[in-house]
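Notes follow the structure.
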Amino acid sequence: MSNHCPYCQKKISISKVFCSRDCKDNYFQMVAIQIPKPFIKRIFVFCDKEQREKEISNFARRHGWKESLIRNKIEKLKEEYGY
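Given below as structure tokens:
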């Protein structure tokens, strides 16, 4: 039998929960990341692409989260909110 890593969906043995420590850390950090809807609206409605990149980098640095995880979360929320 096999299981799937909840973060990257890679097949793993049934006795494991995550395929690696990085996936485990990323998964729990992704769950903890909260991005307010007004921030999403501001970066997609009022900012151009260059300003958006700068805002996302500043947001990640300010909160101490990995920028790649912030970008993934923003993409999911963008679709959810319809921007």
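Per the working numbering, residue 11 is the first one in the sequence shown, and the count goes up by one each step. For every residue, glycine included, the Cβ atom is placed at its ideal position computed from N, Cα and C. Please read these numbers as outputs of a predicted model, since none were measured by experiment.
(message) For the region 54-67 against the region 33-40, do three or more pairs of beta-carbon atoms, one drawn from each stretch, fall closer than 8 Å, so that the two count as touching?
(response) No, the region 54-67 does not touch the region 33-40.
(request) Please state whether DSSP places Lys-119 in a helix, a strand or coil. (result) What is shown of the chain runs 11 to 93, which leaves residue 119 out entirely.
(request) Could you tell me which of Glu-60, Gln-61 and Arg-81 sits nearest to Ala-70, measuring between CA atoms? (result) Arg-81
(request) Compute the Euclidean distance between the alpha carbons of Glu-77 and Lys-86, then round it to the nearest angstrom. (result) So the alpha carbons of these two residues sit roughly 14 Å apart.
(message) Looking only at its chain, what residues have a beta carbon closer than 6 Å to the beta carbon of Cys-15, apart from the 5 residues adjacent to it on each side?
(response) Excluding residues within five positions, the ones whose Cβ falls inside 6 Å are Ile-22, Phe-28, Cys-29 and Cys-33.
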